[in-house]
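> So that we are looking at the same thing, I have put the structure below in structure tokens.
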Amino acid sequence: MSRVNKGEYWVLKGYELFGEDGIEGLQVERLARVLGLNKSGFYHYFKTMDHLLDSLMERHHQNVDEMVVGMASIKKYDPDYIHFLVKNKRTVLFQMQLLRDRHIRLFWDTYNQVNNKINQGVMDLWSAEIGLPKEVAEHFYNVVREIFYAKVTAKNLTFDFIHQILSDAKLLIQEIQSNNFEPKGTRSATIYE
């Protein structure tokens, strides 16, 4: 096993543990124990936990870039994109933990950068799914995404769970529309005449 490979083991396992348990899951002793490696190996490759965190953020960007490429072939939000999220569970969970620990600047910045990448790939699908123009749909998407990340866990990240959140969101949007609610900036000029 080469040094590069051993260093990569720390990153891969760290990525998995961060996705499951957040920053609390990243402890040098725990990583070493799970990997069956010496703690000194961690310090050889990363020097500090901050260096590992930087490597994890780089890995997250790489994973999301791969996801965005894969999203290009998706035709519908439901069921295609939902299945895609379940298939990319580790990346989704990592992103969720970034939001939950957003008080850490590195996490908040990475969360927002990644969301911008994902939004570019998913917004047309979302807009078509809920039947609203992209500009309006994006506002709803941001809210639904935050609700999703607040509720999702490693155990419940399933098609049915995501589909239920989508169904609830669509029902809420229909309710808002049926009450003639128009988000700010979407009213026609004739209302004011």
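Using our numbering, the letters of the sequence shown correspond one by one to residues 215 to 407. Where is the CB? At the ideal position from N, CA and C, for every residue including glycine.
Counting only the same chain and skipping the five closest in sequence on each side, list residues whose C-beta sits under 8 Å from that of glycine 228.
Cβ neighbours of glycine 228 beyond the five flanking positions: Leu240, Leu245, Leu266, Ser269 and Leu270.
> Which of the three DSSP states, helix, strand or coil, is assigned to isoleucine 332?
Of the three classes helix, strand and coil, the one that applies to isoleucine 332 here is helix, per DSSP.
> For tyrosine 363, which of Asp382, Trp340, Glu389 and Phe308 has the nearest alpha-carbon?
Minimum Cα distance to tyrosine 363 is reached at Phe308.
> Hey, how far is the Cα of methionine 281 from the Cα of tyrosine 259?
Rounded to the nearest angstrom, the two C-alpha atoms are 27 Å apart.
> For isoleucine 344 versus lysine 384, is the C-beta spacing smaller than 9 Å?
Yes.
> Which parts of the segment 275–347 are runs of the beta strand (DSSP E), unbroken and 3 residues or longer, counting only runs that do not cross its ends?
None, since the segment 275–347 contains no complete beta strand (DSSP E) of that length.
> If I measure Cβ to Cβ from glutamate 389 and keep anything under 7 Å in the same chain, skipping five residues before and after, which residues do I get?
Closer than 7 Å at Cβ, skipping near neighbours: no residue.
> Beta-carbon separation of isoleucine 237 and aspartate 323 under 9 Å?
Contact flag unset, no.
> Going by beta-carbon coordinates alone, are valine 278 and threonine 305 separated by less than 9 Å?
Yes; because the gap between Cβ atoms is below 9 Å, this pair is in contact.
> Assign alanine 368 to one of three DSSP states: helix, strand, or coil.
The answer is coil: DSSP assigns alanine 368 none of H, G, I, E or B.
> Terminal residues of the continuous alpha helix (DSSP H) containing leucine 386?
From DSSP, the alpha helix (DSSP H) with leucine 386 extends over 373–392.
> Exposed or buried, valine 357, counting other C-beta atoms within 10 Å across all chains shown (16 or more means buried)?
Classification for valine 357: exposed.
> Tell me whether leucine 240 sits in a helix, a strand or coil according to DSSP, three-state version.
Looking at leucine 240 - three-state DSSP - the assignment turns out to be coil, as it is neither helix nor strand.
> Select from Leu320, Phe321 and Ala351 the residue whose C-alpha is nearest the C-alpha of asparagine 333.
Checking every option, the nearest Cα to that of asparagine 333 belongs to Ala351.
> Below 8 Å on the Cβ atoms is my guess for aspartate 292 versus histidine 377; work out the distance and round it to an integer in Å.
Contact flag correct, Cβ pair sits at about 7 Å.
> Using the beta-carbon count (16 or more within 10 Å), is tyrosine 257 buried or exposed?
Counting Cβ neighbours within 10 Å, tyrosine 257 comes out exposed, since fewer than 16 surround it.
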